[in-house]
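*Asks:* Take a look at the following structure, please.
Protein chains in written order, with the working numbering: chain A, 1 to 275; chain B, 1 to 298.
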């Protein structure tokens, strides 16, 4: 009783957060376990049997293994754009922090502009078409890089400041080229922020719905978020399949969450203290 | 360390070449071609009737239409309501939760995790889940309310409510981020302030108002700016839940842009983009200037 009185806020918080935040996820899992008839009731109830495997097989086979194609596409998209983002943004962040020049002001301005300005959709499609990149996966990869650069440059720039400048000078005096200095000395030292950028951007790009919707339409190159959207109408009555699909695409973020929670929180709160 | 060397006169020309300007190049090309150029081009194309192949200059007709057609004006107003509501709620809830989760309560780790996980989950997945749970008659939410004898509203079917329901789901998904930002801000407040106020005999309430709230201001600024930018641009959640409906009562600018694009009105769609851009700029730039300047004064 004493324990209850002392910790009532905590207990209340646990109760409320469980209802508000865990019930929706429990609903996803429960519905994914049900068969078609039971899931159509939209109830929060225990399934009358274990149907997850059947649902999984059916979801995967739908429309010629579309989900598998989508997972491959999303994996390529995420890995490729995050790799480019890390390298290109680190290069900019490095030079931007180290060498004040006529460009510095302009670059800083463009970085902020990239954070604030909403991308102009149709003109971008027009440009992509002109370059032959519209409806291609590599086109979308470049788009994700362009839109993610600002955030990453800011993170890298802040972190480069903590690496002593003497290190660069010593390396250059030893006769290394700037490229070697960057890839063999600086980039390895940026490891913590590289991990942060990889995590934050991977989650963002994997979950991205708007950009594939605009720049990668059509069923051939579908990404995982779009399968969900496409199946929404197709599975109008088969909630079990729809929620199995939701469960499937929640697994990658869940893995990131379980193993890298600390790093990703650090990345997303960077700059909060300084303002 | 680096500051000291920075102040020292630069030794030789050769040292500066450690930082070649062409390092900007790969990023600059992608950014310029796929972001900057389309943004500048949008200013022109918003003044045209456009088929992607040829553009006829029609002056400000698209913008006139934007401020005259009721369903487009509705989109503008909804965007503002949505952005202000979601960011306001995220600030208030995020701050309270941040204070709660930095205090000495049980199961802190569990609470932080539970709160933060939705941030990482697919927006479309969340949208679909809540759409099913918010079904007016057989949805989980209204059935639960029914157990207590409350007749739940048509969350997404009532034209007056749809936008607010989506905004609530947005807050559900995003409050975890606001909370961890506040936690980072509150943790960085030096403990000495609290020790001093303890000696002065201040209550917990005094601490909350006079120490935590003012000194967590950088976090507040970050949360406001981030969630306003996000809220003004918001598209995927609204599209996954209501597609702007019923009718066009929950349309926002971003969904109008998509609808006009689908309908083939590329000029009008681009004008929508420019309107959104201007709206974000006239809200965010003065606001962040104001908030940051205030911070310096203290």
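Where a beta carbon is used, it is the ideal one built from N, C-alpha and C, also for glycine.
Put residue 49/B into one of helix, strand or coil per three-state DSSP.
*Replies:* Note: residue 49/B maps to strand in three-state DSSP.
*Asks:* In whole angstroms, what separates the C-alpha of residue 38/A from that of residue 48/A?
*Replies:* So the alpha carbons of these two residues sit roughly 8 Å apart.
*Asks:* Determine, for residue 7/A, whether the minimum Cβ-Cβ distance to residues of chain B falls below 8 Å.
*Replies:* Answer yes: the Cβ-Cβ gap between residue 7/A and chain B drops below 8 Å somewhere.
*Asks:* Measuring straight from C-alpha to C-alpha, what distance separates residue 21/B and residue 167/A?
*Replies:* Each residue's alpha carbon lies about 19 Å from the other.
*Asks:* Kindly confirm or deny that the stretch 108-117 of chain A and the stretch 199-216 of chain A touch, where touching means at least three C-beta pairs closer than 8 Å.
*Replies:* Counting Cβ pairs under 8 Å, fewer than three are found: no touch.
*Asks:* Looking at chain B, is there any beta carbon in it that lies within less than 8 Å of the beta carbon of residue 233/A?
*Replies:* Chain B, which has no Cβ nearer than 8 Å to the Cβ of residue 233/A, makes this no.
*Asks:* Less than 8 Å between CB atoms is the rule here; does residue 86/A satisfy it with respect to chain B?
*Replies:* No, because no Cβ of chain B sits closer than 8 Å to the Cβ of residue 86/A.
*Asks:* I need the straight-line Cα distance from residue 146/B to residue 42/A, nearest angstrom please.
*Replies:* If you take the alpha carbons of residue 146/B and residue 42/A, they lie about 15 Å apart.
*Asks:* What residues from the stretch 200-228 of chain B come within 7 Å of chain A, judged by C-beta to C-beta, listed N to C?
*Replies:* Flagged, chain order: 218, 219, 221, 222.
*Asks:* Between residue 86/A and residue 197/A, how many whole angstroms is the CB-CB distance? I'm expecting something under 8 Å.
*Replies:* The pair is a contact, with the Cβ atoms about 6 Å apart (cut-off 8 Å).
*Asks:* Beta strand (DSSP E) containing residue 18/B: first to last residue?
*Replies:* Looking at the DSSP string, residue 18/B is not in any beta strand (DSSP E), and its letter there is neither H nor E.
*Asks:* Give me the chain B residues within the contact set of residue 156/A, using Cβ-Cβ distance strictly less than 8 Å, ordered along the chain.
*Replies:* Result: empty, since nearest Cβ-Cβ is about 11 Å, beyond 8 Å.
*Asks:* For residue 238/B, which residues from the same chain have a beta carbon less than 7 Å from its beta carbon, with the 5 sequence-adjacent residues on both sides left out?
*Replies:* Here the set comprises 166, 244, 250, 252, 255.
*Asks:* From the beta carbon of residue 70/A, is the nearest beta carbon of chain B less than 8 Å away?
*Replies:* No, residue 70/A lies away from the interface with chain B (no Cβ there is under 8 Å from its Cβ).
*Asks:* State whether the stretch 117-129 of chain B contacts the stretch 258-268 of chain B, with contact taken as three or more CB pairs (one from each stretch) at a distance under 8 Å.
*Replies:* Segments in contact, no.
*Asks:* According to DSSP, simplified to helix, strand and coil, what is residue 15/A?
*Replies:* If DSSP states are grouped into helix, strand and coil, residue 15/A belongs with the helices.
*Asks:* Could you tell me whether the Cβ of residue 207/A comes closer than 8 Å to any Cβ of chain B?
*Replies:* Closer than 8 Å to some Cβ of chain B, the Cβ of residue 207/A qualifies, so yes.
*Asks:* Is DSSP giving residue 71/B helix, strand or coil here?
*Replies:* Three-state result, residue 71/B: helix.
*Asks:* Is there contact here, the stretch 210-229 of chain B with the stretch 281-293 of chain B, by at least three beta-carbon pairs under 8 Å?
*Replies:* Touching, yes.
*Asks:* What is the rounded straight-line gap between the Cα of residue 159/B and the Cα of residue 229/B?
*Replies:* About 25 Å.
*Asks:* Are there 16 or more other CB atoms within 10 angstroms of the CB of residue 26/A, so buried, or fewer, so exposed?
*Replies:* The residue in question, residue 26/A, is exposed, as its Cβ has fewer than 16 Cβ neighbours within 10 Å.
*Asks:* Are any of the Cβ atoms in chain B nearer than 8 Å to that of residue 191/A?
*Replies:* False, the Cβ-Cβ gap to chain B never drops below 8 Å.
*Asks:* So residue 121/B contacts chain A; which residues on that side make the cut at Cβ distance below 7 Å?
*Replies:* Those within 7 Å of residue 121/B in chain A are 250, 253.
*Asks:* Using 8 Å as the limit for Cβ to Cβ distance, is residue 21/A near chain B?
*Replies:* Judged by the 8 Å Cβ criterion, residue 21/A is in contact with chain B.
*Asks:* Sorted by chain position, which residues of the same chain lie with C-beta nearer than 7 Å to residue 32/A's C-beta, five sequence neighbours on each side aside?
*Replies:* The residues are 52, 55, 240, 243, 244, 247.
*Asks:* CB-CB under 6 Å to residue 131/B, same chain, minus the five flanking residues each way: which ones, in chain order?
*Replies:* Excluding residues within five positions, the ones whose Cβ falls inside 6 Å are 241.
*Asks:* So if I threshold CB-CB distances at 8 Å, which residues from the stretch 34-65 of chain B count as touching chain A?
*Replies:* The residues in question are 34, 35, 36, 37, 38, 39, 41, 42, 45, 50, 52.
*Asks:* If you measure from the beta carbon of residue 126/A to each beta carbon in chain B, is any gap under 8 Å?
*Replies:* Closer than 8 Å to some Cβ of chain B, the Cβ of residue 126/A qualifies, so yes.
*Asks:* Measuring alpha carbon to alpha carbon, tell me which of 39/B, 24/B, 18/B, 28/B ends up nearest residue 277/B.
*Replies:* When only C-alpha atoms are compared, the closest one is 39/B.
*Asks:* Which first and last residues belong to the beta strand (DSSP E) in which residue 265/B is found?
*Replies:* Run containing residue 265/B: none; DSSP gives neither H nor E here.
*Asks:* Between the stretch 73-89 of chain A and the stretch 137-156 of chain A, are three or more C-beta pairs nearer than 8 Å?
*Replies:* The stretch 73-89 of chain A vs the stretch 137-156 of chain A: in contact.
*Asks:* Shorter than 8 Å from the beta carbon of residue 225/A to some beta carbon of chain B?
*Replies:* Interface residue, yes.
*Asks:* Evaluate residue 155/B with the Cβ neighbour count: other Cβ atoms within 10 Å of its Cβ, from every protein chain shown; 16 or more gives buried, anything less gives exposed.
*Replies:* Residue 155/B is buried by the Cβ-count criterion.
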